[in-house]
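Notes for the one structure printed next.
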Amino acid sequence: MHREIQKMREIALVYLDRSGGLQKFVHDCKKYNDSKQSYAVYRFVISINPSDIAELDATLGNYILHNPIQAAQIFQTVCFIAIKTLSLIEQLQTEAQISILLKPTHLPPLPSYVLSLSAFPFNYTSQRFYMSEGIAIAMGTVTKYTQGARFLCTEETCPFSEGRFRYIRVHLPGATESATVRNDFVCSLCSSPLQEDIKFRVLGDKQIVEMVDAKVLNALKGYSNDKSHFRIQTFTVFLRDELANKMKIGNHYKIIGIPACVRNGLQATACIEVNSVQLCKPNGPSFVSDNFKYLLSLTSSSRWRFTAILANIFASQVVPPGTYNTLKLAILLSLVQTCEKENADYLDLLIVTSDTLVIDRLLNYSVCLLPRGIRHPPSSEIFPSVSKDKHGTGTASIQACSAVLAKGGICYIGDLSSYKKDKLELLQSALESRTTTVFIPGKKYGEEADQQVTISVQTNFWSFVDVDSSPKKHIQKDNFLIGQMDVSLIPPNLLDGFGLLIHSEFPSCRPSSSLVHHILEKAINPEVMLYKVSQQFRMQDYEEFIFFARNLHVELSSEAENLIQGYYLASRRVRRDSFHGSTLSPSALKILISLSKAHTKLSLRKKVLEEDALIAILLLESSLTLKHGKSALCVAPNPVFPFDLSDENSLQQRDSYLMQCHDQLLKFIGAYGPGIHINTNEE
Numbered sequence: 045m046h047r048e049i050q051k052m053r054e055i056a057l058v059y060l061d062r063s064g065g066l067q068k069f070v071h072d073c074k075k076y077n078d079s080k081q082s083y084a085v086y087r088f089v090i091s092i093n094p095s096d097i098a099e100l101d102a103t104l105g106n107y108i109l110h111n112p113i114q115a116a117q118i119f120q121t122v123c124f125i126a127i128k129t130l131s132l133i134e135q136l137q138t139e140a141q142i143s144i145l146l147k148p149t150h151l152p153p154l155p156s157y158v159l160s161l162s163a164f165p166f167n168y169t170s171q172r173f174y175m176s177e178g179i180a181i182a183m184g185t186v187t188k189y190t191q192g193a194r195f196l197c198t199e200e201t202c203p204f205s206e207g208r209f210r211y212i213r214v215h216l217p218g219a220t221e222s223a224t225v226r227n228d229f230v231c232s233l234c235s236s237p238l239q240e241d242i243k244f245r246v247l248g249d250k251q252i253v254e255m256v257d258a259k260v261l262n263a264l265k266g267y268s269n270d271k272s273h274f275r276i277q278t279f280t281v282f283l284r285d286e287l288a289n290k291m292k293i294g295n296h297y298k299i300i301g302i303p304a305c306v307r308n309g310l311q312a313t314a315c316i317e318v319n320s321v322q323l324c325k326p327n328g329p330s331f332v333s334d335n336f337k338y339l340l341s342l343t344s345s346s347r348w349r350f351t352a353i354l355a356n357i358f359a360s361q362v363v364p365p366g367t368y369n370t371l372k373l374a375i376l377l378s379l380v381q382t383c384e385k386e387n388a389d390y391l392d393l394l395i396v397t398s399d400t401l402v403i404d405r406l407l408n409y410s411v412c413l414l415p416r417g418i419r420h421p422p423s424s425e426i427f428p429s430v431s432k433d434k435h436g437t438g439t440a441s442i443q444a445c446s447a448v449l450a451k452g453g454i455c456y457i458g459d460l461s462s463y464k465k466d467k468l469e470l471l472q473s474a475l476e477s478r479t480t481t482v483f484i485p486g487k488k489y490g491e492e493a494d495q496q497v498t499i500s501v502q503t504n505f506w507s508f509v510d511v512d513s514s515p516k517k518h519i520q521k522d523n524f525l526i527g528q529m530d531v532s533l534i535p536p537n538l539l540d541g542f543g544l545l546i547h548s549e550f551p552s553c554r555p556s557s558s559l560v561h562h563i564l565e566k567a568i569n570p571e572v573m574l575y576k577v578s579q580q581f582r583m584q585d586y587e588e589f590i591f592f593a594r595n596l597h598v599e600l601s602s603e604a605e606n607l608i609q610g611y612y613l614a615s616r617r618v619r620r621d622s623f624h625g626s627t628l629s630p631s632a633l634k635i636l637i638s639l640s641k642a643h644t645k646l647s648l649r650k651k652v653l654e655e656d657a658l659i660a661i662l663l664l665e666s667s668l669t670l671k672h673g674k675s676a677l678c679v680a681p682n683p684v685f686p687f688d689l690s691d692e693n694s695l696q697q698r699d700s701y702l703m704q705c706h707d708q709l710l711k712f713i714g715a716y717g718p719g720i721h722i723n724t725n726e727e
């Protein structure tokens with residue numbers, strides 16, 4: 045056995061030399077040596093590529109993967125010999141003072157190296173490397189822990205009462221603070237109690253994170269075709285030293301670490317001591333179905349027809365084709381305008397309706413088309429909250445919420461009128477700044493000072509307002525302008541925070557016969573396919589289409605940019621009153637750009653054209669009309685879908701209508717835009 049250990053030490057040295065690890069080790073030693081300070085423990089992180097080291101020596105590669113704590117001792121001996129041979133750290137006395145953390149770059153892609161967090165039992169006894177994935181749903185504040193400590197014998201006549209670093213305690217994976225620093229250690233020479241030499245204690249950073257299997261996202265969707273049952277269990281992750289603050293709440297990570305069991309009194313918690321953290325990027329299909337490709341080729345003669353047909357047939361499992369077209373188009377635009385970038389273009393929707401059952405079903409269905417579509421449960425929090433860490437440390441732990449879990453997706457919060465004033469104020473702040481702030485009182489959580497943690501909110505919000513059954517009482521105003529709705533239920537600033545306000549009612553204010561027939565048929569047989577398009581364009585097809593479309597990188601053309609700016613400036617001049625000034629919010633320009641880009645993505649193009657900008661302008665003008673009444677542009681009540689789309693003639697009629705809207709828009713800009721000139725077709 046000794047011969048094998050010696051051979052593995054030699055291979056370890058060869059690997060360090062070939063991989064560049066030895067050069068990094070010498071550089072780290074220089075920093076310790078230059079400090080001229082003696083430490084109980086000198087900590088080194090060594091990056092290990094299991095594939096490379098297995099090619100050098102299969103025995104050492106296997107030893108690292110399955111006995112990492114013992115393998116670290118092999119590298120400990122190699123490093124100690126190197127330090128002494130090359131005189132790298134003058135203060136170092138014993139091998140026990142060296143602490144080695146092996147950091148594997150990856151693990152073999154085999155099932156035996158994957159630790160499933162939704163499977164039972166949770167294997168935490170083997171103390172070897174595992175790979176696991178999950179979402180960070182709770183994060184504690186960074187605290188200190190003892191990396192290593194020096195102990196001396198309390199018997200003055202004992203040779204171990206001073207001088208050499210004989211008794212060194214080093215933190216091991218899964219060990220608690222009391223396992224490293226206690227007062228019941230005894231001297232191996234004279235059996236006298238040992239006492240810590242406080243001035244040599246080495247402290248490090250520690251952060252406790254709660255993670256959960258990504259399957260939990262399926263449980264948080266309002267509607268799903270997935271009927272499978274699975275078990276969800278959160279697990280504790282320890283991030284230490286250079287890994288502290290490497291995770292952000294709500295993100296999806298792949299981790300490599302050693303499972304362990306931490307005991308706190310009578311409770312035992314399964315945890316993972318993390319050695320490596322890697323952010324997982326969303327992956328999915330990079331294609332669209334043949335039926336969508338065929339539809340795109342059929343509609344290539346017009347820049348408006350493809351998206352019109354998409355909206356017309358969308359969600360045929362929930363509502364009949366041809367109903368709620370404007371709302372369905374807005375939903376599709378919001379779905380493709382989702383990503384996890386910091387400065388993304390967001391598109392939030394607020395629907396005003398009295399038909400809440402159908403709208404709720406439609407939004408629930410649509411949320412499930414994204415991996416991060418969250419249906420907010422009323423019993424939980426929309427935004428992060430703070431609680432005490434459950435591991436007995438007494439520190440603060442920030443708990444995730446619907447808005448954070450929906451990162452890069454949709455957070456559907458249901459009926460807006462059901463929330464109290466304080467929740468609505470938080471929502472308004474998040475819509476305006478795309479961040480939320482968590483306050484941590486220092487006195488309550490054992491800190492010297494209060495803390496404020498700012499968390500980014502990277503999601504689109506969907507909500508609706510039930511105008512008929514709202515418990516809030518409001519006075520009906522008499523001075524409504526033409527086209528204006530009574531939205532006094534909603535605070536004006538919150539109303540401006542949502543990108544689009546949509547009125548979902550039919551002109552007759554009654555459900556159509558096709559919708560009534562659809563609801564009755566689905567109530568009798570929920571699985572029935574009522575329309576042929578439901579088979580041609582399945583839910584999975586839409587999932588693939590949206591994933592592909594939302595990842596398209598689009599750019600504004602100069603013509604589209606001029607049209608958007610011209611409309612925005614003209615509208616600011618037209619929509620104003622003597623008391624408040626312009627009623628057009630400054631965010632309107634961002635919303636226009638976001639809508640234009642979304643329509644371009646939905647059309648599977650990469651350049652925003654005037655046709656895309658026109659749809660964006662009509663949608664926003666319709667929204668502004670509901671808020672403030674008609675302007676000089678004077679669009680129709682349903683400007684994007686003024687009539688039913690039943691055949692080729694109706695599509696041609698719609699194209700002609702939109703061309704008229706374009707000409708009308710150019711005249712509006714020419715009349716009210718401050719010195720703006722846009723070329724017309726005649727020119």
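Residue numbers (our numbering): 45 to 727.
Glycine included, each C-beta is placed from N, C-alpha and C at the ideal position.
Quick caveat: nothing in here was measured; it's all calculated off a predicted structure.
| Check | Outcome |
| --- | --- |
| Quick check on Ile113: buried or exposed, where buried means 16 or more other Cβ atoms within 10 Å of its Cβ? | exposed |
| Along the chain, where does the alpha helix (DSSP H) that runs through Arg617 open and close? | Ser602 to Val618 |
| Would you call the region 573 to 584 in contact with the region 597 to 614, where contact means no fewer than 3 C-beta pairs closer than 8 Å? | no |
| How about Leu544 and Val531: do their beta carbons lie closer than 8 Å? | no |
| Helix or strand or just coil, what does DSSP make of Tyr575? | coil |
| Can you name the start and end residues of the beta strand (DSSP E) that Gly714 belongs to? | Per DSSP, Gly714 belongs to no beta strand (DSSP E); it is in the alpha helix (DSSP H), Glu692 to Tyr716. |
| What's the C-alpha gap between Ser462 and Ile426? | 13 Å |
| Roughly how many angstroms separate the alpha carbons of Cys705 and Gly717, rounded to a whole number? | 17 Å |
| Considering only C-alpha positions, which residue in the set Ser647, Ala219, Asn606 and Ser320 is nearest to Glu654? | Asn606 |
| Provide the residue span of the beta strand (DSSP E) that contains Glu317, from first to last. | Gln311 to Leu323 |
| Let me make sure I understand the geometry here. Which of Ser647, His672 and Ser615 has the alpha-carbon closest to that of Ile661? | Ser615 |
| Counting along the chain, where does the beta strand (DSSP E) carrying His547 start and finish? | Leu544 to His547 |
| Indicate the three-state DSSP secondary structure (helix, strand or coil) for Lys68 in the structure shown. | helix |
| Straight-line CA distance for Ala642 to Lys147? | 42 Å |
| Looking only at its chain, what residues have a beta carbon closer than 6 Å to the beta carbon of Leu470, apart from the 5 residues adjacent to it on each side? | Phe427 |
| So for Tyr59, helix, strand or coil by DSSP? | helix |
| By Cβ distance below 7 Å, which residues in the same chain neighbour Ile127 in space, the five residues on each side in sequence not counted? | Cys73, Ile133 and Leu136 |
| Closest to Ala676 by C-alpha separation, out of Leu196, Gly714 and Ile635, would be which residue? | Gly714 |
| So, Ile90 versus Ile108, is the Cβ gap smaller than 8 Å? | no |
| Under the assumption that Met183 contacts Ile300 (Cβ atoms under 8 Å), give the Cβ distance between them as a whole number of angstroms. | So it is not a contact: roughly 19 Å between Cβ atoms. |
| When we look at the beta-carbon of Glu286 and count the other beta-carbons within 10 Å, is it buried (16 or more) or exposed? | exposed |
| Can you check the region 362 to 430 for any alpha helix (DSSP H) of at least 4 residues that lies completely inside it and give the ranges in chain order? | 369 to 380 and 400 to 411 |
| In chain order, what residues of the same chain lie with their CB nearer than 7 Å to the CB of Ala258, ignoring the 5 residues before and after it? | Glu177, Gly178, Ile179 and His296 |
| When the Cβ atoms of the region 684 to 699 are set against those of the region 632 to 640, are three or more pairs found closer than 8 Å? | no |
| Could you say which of Leu702, Gly328 and Arg53 lies nearest to Phe592 if we only look at CA atoms? | Gly328 |
| What did DSSP end up calling Gln21 once you bin it into helix, strand or coil? | In the structure as shown, the chain begins at 45 and stops at 727. Residue 21 is therefore absent and cannot be evaluated. |
| Measure the CB-CB distance between Val396 and Val511 and report whether it falls below 8 Å. | yes |
| Looking at the unbroken alpha helix (DSSP H) that takes in Glu286, where does it start and where does it end? | Run containing Glu286: none; DSSP gives neither H nor E here. |
| CB-CB under 6 Å to Asp101, same chain, minus the five flanking residues each way: which ones, in chain order? | Ile55 |
| Taking C-alpha atoms, which residue in Val186, Gln67, Val318 and Gly207 lies nearest to Leu145? | Val318 |
| Which runs of the alpha helix (DSSP H), 4 residues or longer, sit entirely within the region 123 to 208? | none |
| Report yes or no: do three or more beta-carbon pairs, one from the region 450 to 465 and one from the region 206 to 217, lie closer than 8 Å? | no |
| In angstroms, rounded to a whole number, what distance separates the CA positions of Lys516 and Ile403? | At Lys516 the pLDDT is 45, less than 50, meaning the model places this residue with poor confidence; the figure from the coordinates comes in the next sentence. When rounded, the distance between both Cα atoms is 21 Å. |
| Out of Phe244, Ser143 and Lys650, which one is the CA nearest neighbour of Pro217? | Ser143 |
| Identify the residues that DSSP records as bridge partners of Trp348: which are they? | Note: Trp348 sits in no beta bridge, so no partner. |
| Verify whether the separation of the beta carbon atoms of Thr370 and Phe581 is less than 8 Å. | no |
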